[in-house]
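Student: Numbering (the numbering used here), first residue to last: 1 to 272. Just passing along the structure, written as structure tokens.
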Amino acid sequence: MRDPSQTEQIIGAAHAAADAARLAILPYFRLDTLTAENKYAPGSATESDFDPVTAADRAAEIAMRDVLRRMCPNDAIVGEEFDAQAGTSGLTWVLDPIDGTRGFLAGTPTWGVLIAAVDASGPIYGIIDQPYMAERFEGGLGRSDMTGPLGARALRVRGSRPLAEATVMTTFPTVGTPGEGAAFASVAGSARMVRYGYDCYAYALLAMGQIDLVIEAGLNAYDICAPIAVIEAAGGIVTDWQGAPAHSGGRVVAAAGAVQHAAALAILGDVA
Numbered sequence: 001m002r003d004p005s006q007t008e009q010i011i012g013a014a015h016a017a018a019d020a021a022r023l024a025i026l027p028y029f030r031l032d033t034l035t036a037e038n039k040y041a042p043g044s045a046t047e048s049d050f051d052p053v054t055a056a057d058r059a060a061e062i063a064m065r066d067v068l069r070r071m072c073p074n075d076a077i078v079g080e081e082f083d084a085q086a087g088t089s090g091l092t093w094v095l096d097p098i099d100g101t102r103g104f105l106a107g108t109p110t111w112g113v114l115i116a117a118v119d120a121s122g123p124i125y126g127i128i129d130q131p132y133m134a135e136r137f138e139g140g141l142g143r144s145d146m147t148g149p150l151g152a153r154a155l156r157v158r159g160s161r162p163l164a165e166a167t168v169m170t171t172f173p174t175v176g177t178p179g180e181g182a183a184f185a186s187v188a189g190s191a192r193m194v195r196y197g198y199d200c201y202a203y204a205l206l207a208m209g210q211i212d213l214v215i216e217a218g219l220n221a222y223d224i225c226a227p228i229a230v231i232e233a234a235g236g237i238v239t240d241w242q243g244a245p246a247h248s249g250g251r252v253v254a255a256a257g258a259v260q261h262a263a264a265l266a267i268l269g270d271v272a
């Protein structure tokens, strides 16, 4: 059990960091002069070779790091855009300043800020924040809640249901390698509905009880640590495609219930 004061410190620091990221990001959203650099391969023309970063990504991560250094000076920090900062407390903050930069550049409100507090056991608390819609989803350390334009409410996944009745989401239609894409297509072909391109917002929808499965491949730790905390606090399941912990990223399946999870693993688990 954590000391209550430590719990409140973690939660308070996470919300302060999310607030700072909102202020840093929103001036850039739908700004027609915003440009992007390609981290993957400068000059690449195809979407598969496009890994964009913008001034908004960097400004948000700097703002969050400044908050965390001030409020939690002994904690480590790992973020997408800057070098890792060592710590001595045993707690690491894992940050993605804009998960879904492609969506951000396209003007869609499906991107988000991801903040996770991680210890030796994995993610213990996380926030998925959507600044433009003023929606914030939190989970862990005794919390499982969201706030937004319609007020505050508890988060709870929808529970088990057959794959034939499920709604499945992923970010990219190709998912990953040809083998990974084929496995996803097999799951999606057995489901009632499939939707694409929602980035971290898909995980928020799962925690809200709106959808059943999110399946992705090629993730980094900063893409998934916060969603793990939020979804597990809401009663969901997040693993890799073999059913093992997914804290480090890679191939991930998030499920609203044991039935959907088992059905997805029965198909995804065969991918080499």
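Glycine is no exception: its CB is placed at the ideal position from the N, C-alpha and C atoms.
Starting from the C-beta of A262, find all residues in its chain whose C-beta is less than 8 Å away, skip the five residues before and the five after it, and write them out in chain order.
Tutor: Against the sequence shown, residue 262 aligns to sequence position 262. No residues qualify anywhere along the chain.
Student: Considering just the uninterrupted stretch of the alpha helix (DSSP H) at E8, what are its terminal residues?
Tutor: Within the sequence shown, residue 8 is the residue found at index 8, counting from 1. Taken as a continuous stretch (DSSP letters only), the alpha helix (DSSP H) holding E8 covers 4-25.
Student: Ignore the nearest five residues each way along the sequence and tell me which others in T46's own chain have a CB closer than 6 Å to its CB.
Tutor: Along the sequence shown, one-based indexing puts residue 46 at 46. Only weak support exists for where T46 lies, its pLDDT of 45 falling under 50; the coordinates are left without a value.
Student: Say whether the stretch 148-164 touches the stretch 203-212, bearing in mind that this needs 3 or more beta-carbon pairs closer than 8 Å, one atom from each stretch.
Tutor: yes
Student: Is A154 helix, strand or coil by DSSP?
Tutor: As a first step, residue 154 is located in the sequence shown; it is residue number 154 there, counting from the start. Strand at A154.
Student: Drop a sphere of 10 angstroms on the beta-carbon of S144, count the other beta-carbons inside from all chains shown, and report buried for 16 or more, exposed for fewer.
Tutor: To locate residue 144, count along the sequence shown from 1; it is residue 144. Label assigned to S144: buried.
Student: Enumerate in chain order the residues of its own chain whose CB-to-CB distance from I224 is below 7 Å, with the five nearest sequence positions on each side excluded.
Tutor: For the purposes of this step, residue 224 is taken as the residue at position 224 of the sequence shown. So the qualifying residues of the chain are A246, G249, V252.
Student: Taking the alpha helix (DSSP H) that Y125 falls in, what are its first and last residues?
Tutor: Indexing the sequence shown from 1 puts residue 125 at position 125. Segment 122-130 is the beta strand (DSSP E) holding Y125; no alpha helix (DSSP H) there.
Student: Quick check: the Cα distance between P42 and G218, rounded to an integer number of angstroms?
Tutor: Here residue 42 refers to the residue found at position 42 when the sequence shown is read from its first residue. Here residue 218 refers to the residue found at position 218 when the sequence shown is read from its first residue. At P42, the pLDDT of 49 sits below 50, so the modelled position is not reliable and the matter cannot be decided from this model.
Student: Please report the straight-line C-alpha distance between R168 and T88, rounded to a whole angstrom.
Tutor: What you label residue 168 is simply residue 168 of the sequence shown in a count that begins at 1. What you label residue 88 is simply residue 88 of the sequence shown in a count that begins at 1. It is Val, not Arg, that sits at residue 168 in the sequence shown. Whole-angstrom Cα-Cα distance: 40 Å.
Student: On the CB-based measure, 16 or more other CB atoms within 10 Å of its CB, does Q130 come out buried or exposed?
Tutor: Translated into the one-based positions of the sequence shown, residue 130 becomes position 130. The residue is buried, with at least 16 neighbouring Cβ atoms inside 10 Å.
Student: Would you mind listing the alpha helix (DSSP H) stretches within the stretch 188-256 that are 4+ residues and don't spill past its ends, in chain order?
Tutor: The stretch 188-256 contains these whole alpha helix (DSSP H) runs: 201-208, 221-233.
Student: Excluding the five sequence neighbours on either side, which residues of its own chain have a C-beta within less than 6 Å of the C-beta of I228, listed in chain order?
Tutor: Working through the sequence shown from its first residue, we reach residue 228 at position 228. Taken in chain order, the residues that qualify are P123, V238.
Student: So, with DSSP's three-state summary, where would you put L265?
Tutor: Locating residue 265 in the sequence shown gives position 265, counting from the first residue. Three-state result, L265: helix.
Student: Whole angstroms are fine: how far does the CA of A13 sit from the CA of D212?
Tutor: If you number the sequence shown from 1, residue 212 lands on position 212. If you number the sequence shown from 1, residue 13 lands on position 13. Using only the alpha carbons, I get a separation of about 31 Å.
Student: Do the stretch 77-86 and the stretch 16-34 touch if we need at least three Cβ pairs shorter than 8 Å?
Tutor: no
Student: Taking the alpha-carbon positions, what's the P73 to G181 distance?
Tutor: Residue 73 sits at position 73 when you count from the first residue of the sequence shown. Residue 181 sits at position 181 when you count from the first residue of the sequence shown. The alpha-carbon atoms of P73 and G181 are separated by roughly 42 Å.
Student: Would DSSP call T33 helix, strand or coil?
Tutor: As a first step, residue 33 must be located in the sequence shown, where it is residue number 33. Reduced to three states, the DSSP call for T33 is coil.
Student: Please return the same chain residues whose Cβ sits closer than 6 Å to the Cβ of Y125, not counting the five positions on each side in sequence.
Tutor: Locating residue 125 in the sequence shown gives position 125, where the first residue counts as 1. Within the same chain, I10, A117, G140, L141, A229 come within 6 Å of Y125 by CB-CB distance, once the 5 residues on both sides are set aside.
Student: Answer with buried or exposed for A183, where buried requires no fewer than 16 other C-beta atoms within 10 angstroms of its C-beta.
Tutor: Within the sequence shown, the letter at position 183 stands for residue 183. Under this definition A183 is a buried residue.
Student: Hey, I115 and A60: beta-carbon distance below 8 Å or not?
Tutor: Your numbering for residue 115 matches position 115 in the sequence shown. Your numbering for residue 60 matches position 60 in the sequence shown. Against a cut-off of 8 Å, the Cβ pair of A60 and I115 comes out as no contact.
Student: Going by Cα to Cα distance, which pick from A272, A16, I231 is closest to M71?
Tutor: Position 71 of the sequence shown, counted from the first residue, corresponds to residue 71. Among A272, A16, I231, the Cα nearest to that of M71 belongs to A16.
Student: Please determine, among M64, T35, R69, L150, the residue with the shortest C-alpha to C-alpha distance to Q102.
Tutor: Here residue 102 refers to the residue found at position 102 when the sequence shown is read from its first residue. The question names Gln, yet the displayed sequence has Arg at residue 102. Distances from the CA of R102 to each of M64, T35, R69, L150 were compared; the closest alpha carbon is that of T35.
Student: Quickly, what does DSSP pair W93 with across the bridge? List them, please.
Tutor: The sequence position of residue 93 within the sequence shown is 93, counting from 1. In DSSP, W93 forms a bridge with I77, A117.
Student: Might you give, ordered along the chain, the residues of its own chain that have their beta carbon closer than 7 Å to the beta carbon of A134, omitting 5 neighbours on each side?
Tutor: Counting from 1 along the sequence shown, the entry for residue 134 is found at position 134. Around A134: G148, P149.
Student: Using a Cβ-Cβ cutoff of less than 7 Å, which residues in the same chain neighbour G90 once the five nearest sequence positions on both sides are dropped?
Tutor: Position 90 of the sequence shown, counting from 1, holds the residue named residue 90. D119, A120, listed in sequence order.
Student: Between I128 and A254, what straight-line distance do the alpha-carbon atoms span, to the nearest angstrom?
Tutor: Along the sequence shown, one-based indexing puts residue 128 at 128. Along the sequence shown, one-based indexing puts residue 254 at 254. I128 and A254: Cα-Cα distance of roughly 15 Å.
Student: Which word fits P173, buried or exposed, when buried means at least 16 other C-beta atoms lie within 10 angstroms of its C-beta?
Tutor: If you number the sequence shown from 1, residue 173 lands on position 173. With fewer than 16 Cβ atoms within 10 Å of its Cβ, P173 is classed as exposed.
Student: Just the C-alpha distance for P4 and L265, rounded to the nearest angstrom, thanks.
Tutor: The residue you call residue 4 lines up with position 4 of the sequence shown. The residue you call residue 265 lines up with position 265 of the sequence shown. One C-alpha to the other measures close to 37 Å.
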